[in-house]
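In what follows, a single structure is set out as structure tokens and then discussed.
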Amino acid sequence: MKRCRSWLVVGLVGALLVGLGYGPLAQQTVIATAVISNANCRGGVQLVQLTWLQNQVPIATQLFTPPVVIAVETKREFRVELRAVPTHLQVLGAYVGGQGQSVRLELSVPVGQETKYECGTIVATVAGQQPQPPTGQPTLPPGLPPLTPGMNPQQLLAALQAAGVTVEVQGTQEKPKIGDADDPLVLGALGPGLQAVAYWVSSGTGQLRAAVTYDRPLVPAVLWVVGLPTLATCFSVPPPGGGLTVFCDRPALFAPFTTFGGGPVPGVVFFVLVIKVGGPTMPFVLSLAG
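Its first residue numbered 363, the sequence shown is counted upward by one per residue in my numbering.
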């Protein structure tokens with residue numbers, strides 16, 4: 363009878379421990395860590411929010427008020443305890459660009475893989491996981507024809523027009539719309555649906571930096587730059603989940619999942635193409651520099 367009573371007590375204590383979260387059936391937690399570095403943005407990186415997701419479903423959010431500032435040549439580590447294993451980390455913030463302007467930072471990076479961005483690297487991991495080096499390259503949004511680096515401007519135009527894209531071309535190779543690009547800002551707008559505009563640009567420096575800023579993060583935009591006579595190519599697409607900037611003004615290794623080729627693009631005359639894939643009318647600003 364005493365033995366039965368003892369086993370009953372042990373069973374009750376075990377059930378209580380499980381109910382309090384100490385038993386083998388308790389829900390397990392994982393420790394997730396984000397390490398964000400700023401290697402080259404001298405104006406600093408400001409972090410506003412980190413959101414951990416599992417298959418695009420948010421499972422935890424870290425808000426920073428005031429924003430966390432990461433100075434150049436430094437890094438910050440952020441740890442959080444989660445009830446599920448994350449697959450992605452969404453980073454929101456801003457950094458100061460090369461011309462002193464504030465640039466919105468909005469990235470979705472895979473957990474377990476080192477990701478390069480404009481200012482440095484982001485490594486998101488869970489406990490016991492080793493980060494993998496970045497792989498892959500950017501892909502064009504669905505709805506566009508198979509444009510490939512090395513195409514000349516005529517081939518690009520023919521492929522786009524054959525796919526039903528309306529393209530407006532400003533200037534010619536012989537008479538560029540913008541001559542000797544020296545930090546001009548070009549204001550433009552693309553109408554509803556598949557639309558594109560191309561600018562012929564010349565540069566006396568033998569290279570061109572280009573970036574496009576717009577205000578519709580859910581509308582895919584593409585920046586494509588071809589430098590002549592070598593056909594050097596850069597193209598840039600938004601990050602997963604949308605963005606507000608596409609750019610060919612820095613090396614591609616700083617944004618390996620959104621930029622091919624990188625900048626500055628070498629050449630004397632340049633074909634600069636801005637494409638909008640669907641959606642309503644979209645104003646934009648094209649920034650150019652030699």
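Heads up, the beta-carbon is just placed ideally off N, CA and C, and yes, glycines get one too. All values derive from a computational prediction rather than experimental measurement.
Gln557: first and last residue of the uninterrupted beta strand (DSSP E) it sits in: As a first step, residue 557 must be located in the sequence shown, where it is residue number 195. Residues Gln557 to Ser564.
Separation of Pro428 from Gly455, as counted between CA atoms: Looking up residue 455 in the sequence shown gives position 93. Looking up residue 428 in the sequence shown gives position 66. For Gly455 and Pro428, the distance between alpha carbons rounds to 11 Å.
Inter-residue spacing [alpha-carbon to alpha-carbon] between Leu469 and Trp414: Taking the sequence shown and counting its residues from 1, the one referred to as residue 469 is at position 107. Taking the sequence shown and counting its residues from 1, the one referred to as residue 414 is at position 52. Approximately 12 Å, taken between the alpha carbons.
Local Cβ density within 10 Å of Trp369, reported as buried at 16 or more and exposed below that: Looking up residue 369 in the sequence shown gives position 7. Unreliable placement is indicated for Trp369, whose pLDDT of 37 sits below 50; the coordinate value is still reported in the next sentence. Exposed.
Beta-carbon spacing of Gly482, Ser399 below 8 Å: Here the question's residue 482 lines up with position 120 in the sequence shown. Here the question's residue 399 lines up with position 37 in the sequence shown. Closer than 8 Å, so yes.
Nearest-angstrom Cα separation, counted from Gly640 out to Leu556: The residue labelled residue 556 in the question sits at position 194 within the sequence shown. The residue labelled residue 640 in the question sits at position 278 within the sequence shown. In a straight line, the C-alpha of Leu556 is about 5 Å away from that of Gly640.
For Gln516, the first and last residue of its enclosing alpha helix (DSSP H): Along the sequence shown, read from residue 1 onward, the residue named residue 516 stands at position 154. Unbroken alpha helix (DSSP H) run through Gln516: Pro515 to Ala524.
DSSP-derived helix/strand/coil call for Ala446: By 1-based counting over the sequence shown, the position of residue 446 is 84. Three-state result, Ala446: coil.
For Ala520 and Gln463, the rounded distance between their alpha carbons: Along the sequence shown, read from residue 1 onward, the residue named residue 463 stands at position 101. Along the sequence shown, read from residue 1 onward, the residue named residue 520 stands at position 158. So the two alpha carbons sit approximately 36 Å from each other.
Residue from Arg404, Pro642, Pro645 and Ile637 with nearest C-alpha to Gly505: As a working note, residue 505 is residue 143 in the sequence shown. The closest CA to that of Gly505, considering only Arg404, Pro642, Pro645 and Ile637, is found on Ile637.
Leu650 - DSSP class collapsed to helix/strand/coil: The residue given as residue 650 occupies position 288 in the sequence shown. In the structure shown, Leu650 adopts extended strand secondary structure according to DSSP, grouped into three states.
Every unbroken beta strand (DSSP E) inside the segment 454 to 487 [3 residues or more]: 464 to 472
Range of the contiguous beta strand (DSSP E) that encloses Cys330: Absent from the structure is residue 330, since the part of the chain shown begins at 363 and ends at 652.
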